Amino acid sequence: MPRPPRRLASTCIGTVAAGLLATGAALAAPEEQSAGSDIAMGAYLDYGPPGVARIPFLSHWLGGKEIRVGHTYLPGDQWAGIEGNVSFLEDWAEWRLARDDRMFVLNVPMQERNEARIPDYQVAQLIRAGADGQYDRHFKKLAERLVALEVPDTVIVLGWEMNGTTYTHRCGPDPENWKAYWKRIVSTMRSVPGQDFKFDFTPNRGTDAIGWTKCYPGDDVVDIVGMDSYDQGPGRNFDEQISQPYGLQQHVDFAKAHGKETSYPEWGLFRNGDNPEYVRRMLKWIEQQKPLYHTITDYCPHGVWQCKQNPASTKVFREALTPQRPDPVIPTPVIPTPVVPTPVVPTPVVPTPVVPTPQIPTPEVPTPVVPTPVEPSPVVPSPVVPSPAVPVPSPVVPSPEVPVEPSPVEPTPAVPSPAVPSPLVPSPVEPSPLVPAPEVSPVVPEVPASPSPVVPKPEPEVPSPAPSPLVPKPEPSQPTTPPPVNSKQWCVPINFGEWLSKLVGKQSVCVKIDWGQDTGFWPF
55 MPRPPRRLAS TCIGTVAAGL LATGAALAAP EEQSAGSDIA MGAYLDYGPP GVARIPFLSH
115 WLGGKEIRVG HTYLPGDQWA GIEGNVSFLE DWAEWRLARD DRMFVLNVPM QERNEARIPD
175 YQVAQLIRAG ADGQYDRHFK KLAERLVALE VPDTVIVLGW EMNGTTYTHR CGPDPENWKA
235 YWKRIVSTMR SVPGQDFKFD FTPNRGTDAI GWTKCYPGDD VVDIVGMDSY DQGPGRNFDE
295 QISQPYGLQQ HVDFAKAHGK ETSYPEWGLF RNGDNPEYVR RMLKWIEQQK PLYHTITDYC
355 PHGVWQCKQN PASTKVFREA LTPQRPDPVI PTPVIPTPVV PTPVVPTPVV PTPVVPTPQI
415 PTPEVPTPVV PTPVEPSPVV PSPVVPSPAV PVPSPVVPSP EVPVEPSPVE PTPAVPSPAV
475 PSPLVPSPVE PSPLVPAPEV SPVVPEVPAS PSPVVPKPEP EVPSPAPSPL VPKPEPSQPT
535 TPPPVNSKQW CVPINFGEWL SKLVGKQSVC VKIDWGQDTG FWPF
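Residue numbers (this note's numbering): 55 to 578.
What follows is the structure, given as structure tokens:
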């Protein structure tokens, strides 16, 4: 894998100026990042102060996207550099401490003369020396340096691309001792008080010199499983880069199986030139897998911002990572509608002519008074008993031939009061067989059948179309055949009044009494 270029710190000012002029970036404060992916993104822009200075310009070029990852490398030529005895760490520490959500990623070599192309047998000797603890002091100094700079949470990419052939810290010559060496380094750095390091195990994509899973030192000494993936073989296209042995898919599956987060510390263009399809697919893959962070290597031939030879890829990268901001809402000016007062036209009040309603007299139709027929209660007229001075004709000696003269003193007939006529119908009263009714004897021929002059018919005060049922009309006495002497049957006529007599006719009540000689009641 390509090595990051090294420059002296003294040239950083000129480099920054040249970089700004080359990219045409305008110096301005980065805009706030809009809502979007929460994946921490960064770029390797330079190992020293120029790399720190370029971060806000990259952010501005990407439309204000926040660059949350600062990525650099320690020099691997001497142990002093590996111990962190370099001045640019202070610049990176200052950038990291400016915001809490930033991340500082530091690649750390495991051997000095790390890019000197040392043969495998010498590499194997160096690995065994490291496994024996001969280099522990160098890594302890590095840990103390980072803690002193107040960046104890630095992500340490230790012995990166160990499955290849480029670096002296490669794993292939002695995998078992290499894993033991890794464990000694991690244990030594974790022993420093105040540390909170995360160790990132990052091989090359693909098999390279050795399958990278054979170099995995163990879950207890690895916090992140990363992968460096450039646009080169093995894999002719992005799909093959995913599916190849030890490719992108196996990397994700391995990390998941071991309960680790993933990362992509290095990725970018390489063997296939300007390849916008690779950039598009790689960004999509990162978005799908949600790694802890990713950083593109941004210098030629790999980059998209500082390298002008990849314009198509540059366009894809910029469009994909520039935050999508909604168009500004321009308020519609509110033009007040003029209120035109409506003239109030008084409605003329036309008096309604009052037409007198002709008063048509309602003829008074007399309501016929229909007398409610009241069922008359029969009033039993009290029989008028003649004075004791008047002899009562004895029924024992009746004589049909000799009429019995009426007593010179006639009893006063009871005259009903015409003022309060009673509508009651007299109830027939059975007369006693021993007391004959005080009737005028019908055997007197001299008495004419005429109404008694003593009882005049009362005239009602108000003329009525119907005769008053309360005033009985005297009937002329009718001669009756006297019952035979000592007859067993006694008949008494009943007077119901004039109007009732018309309805029911003349009636009489007859009582048959057996007075035979054998009864014991025969008086004669």
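For each residue, glycine too, the CB sits at the ideal point set by N, CA and C.
These numbers were taken from a predicted model, which means no experiment stands behind them.
Checklist entry - If you draw a straight line from the C-alpha of Arg171 to the C-alpha of Arg156, how long is it? => result 35 Å
Looking at the unbroken beta strand (DSSP E) that takes in Gly135, where does it start and where does it end? Note, Gly135: premise wrong, no beta strand (DSSP E); alpha helix (DSSP H) at Trp133 to Ile136.
- Query: Taking contact to mean at least 3 C-beta pairs separated by less than 8 Å, is the segment 98-106 in contact with the segment 345-357?
  - Reply: yes
query: CB-CB under 6 Å to Trp133, same chain, minus the five flanking residues each way: which ones, in chain order?
result: Glu166 and His192
- Kindly identify the DSSP beta-bridge partner or partners of Ala97. Gly124 and Ile350
- Reducing DSSP to helix, strand and coil, say where Val279 ends up. strand
From what residue to what residue does the alpha helix (DSSP H) around Val306 run?
-> Leu302 to Ala311
When you compare each of Val159, Pro163 and Pro206 to Met216 by their alpha carbons, which one comes out closest?
Pro163
> Does the beta-carbon of His312 have 16 or more other beta-carbons within 10 angstroms, so that it is buried, or is it exposed?
Replying inline: exposed
- [ ] Write down the C-beta distance between Ala94 and Tyr347 rounded to the nearest angstrom, noting that I regard them as a contact closer than 8 Å.
- [x] 4 Å
Local Cβ density within 10 Å of Tyr318, reported as buried at 16 or more and exposed below that
buried
For Lys252, which beta-bridge partners are listed by DSSP?
Val209
Checklist entry - If we count the other Cβ atoms within 10 Å of its Cβ and call it buried at 16 or more, is Lys233 buried or exposed? => result buried
Option in Gly118, Leu116, Arg244 and Arg122 with minimal Cα separation from Val106: Arg122
In this structure, what does DSSP give as the bridge partners for Val162? Leu212
Mapping DSSP to helix, strand and coil, what is Asn217?
-> coil
request  = Using alpha carbons as the reference points, say which of Pro206, Asp274, Glu204 and Gly130 lies closest to Trp214.
outcome  = Gly130
According to DSSP, is Glu30 part of a helix, a strand, or is it coil? Because the chain here runs from 55 to 578, residue 30 falls outside it and cannot be looked at.
So what's Thr261 in DSSP terms, helix, strand or just coil? coil
Check: For Arg224, which of Leu180, Val276 and Phe324 has the nearest alpha-carbon?
Finding: Leu180
C-alpha gap between Val195 and Asn329, whole angstroms:
The amino acid at residue 195 is misidentified as Val; the sequence shows Lys. So the alpha carbons of these two residues sit roughly 43 Å apart.
- In whole angstroms, what is the alpha-carbon distance linking Tyr300 and Pro345? 17 Å
Does Cys66 come out as helix, strand or coil in the three-state DSSP assignment? At Cys66, the pLDDT of 41 sits below 50, so the modelled position is not reliable; the number obtained from the coordinates is stated separately. Reduced to three states, the DSSP call for Cys66 is helix.
Review point. Around the Cβ of Arg259, are there at least 16 other Cβ atoms within 10 angstroms (buried) or fewer (exposed)?
Key: buried
Is Ser367 helix, strand or coil by DSSP?
helix
Notebook entry, point to check: Counting pairs of beta carbons, one from the segment 379-393 and one from the segment 355-367, are three or more of them closer than 8 Å?
Noted result: no
Q: If I'm right that Ile278 touches Glu315 with Cβ under 8 Å, what's the distance once you round it to whole angstroms?
A: 5 Å
Task: Cβ contact check for the segment 281-288 and the segment 248-258: 3 or more pairs under 8 Å - done: yes
Exercise for the section: Thinking Pro206 and Phe251 are a contact (beta carbons under 8 Å), I'd like their distance in whole angstroms, please. Expected result: 7 Å
Task: Cα-Cα separation, Asn168 to Glu120 - done: 33 Å
- From Thr396 to Val403, what does the alpha carbon distance come to, in whole angstroms? 20 Å
* Asked: Quick one: what does DSSP say Tyr318 is sitting in, helix, strand or coil?
  -> strand
* Could you say which of Asp174, Val394, Gly322 and Ile296 lies nearest to Thr368 if we only look at CA atoms? => Gly322
Just to confirm my understanding: we take Val209, look at its own chain, exclude 5 residues before and 5 after, and list those with CB closer than 6 Å. What are they? Val159, Lys252 and Asp254
Mind checking which residues open and close the alpha helix (DSSP H) that includes Ile389? From DSSP, Ile389 is part of no alpha helix (DSSP H); its letter is neither H nor E.
**Item:** When Gln188, Asn364, Gly551 and Thr261 are compared against Gly289, the one with the closest alpha-carbon
**Value:** Thr261
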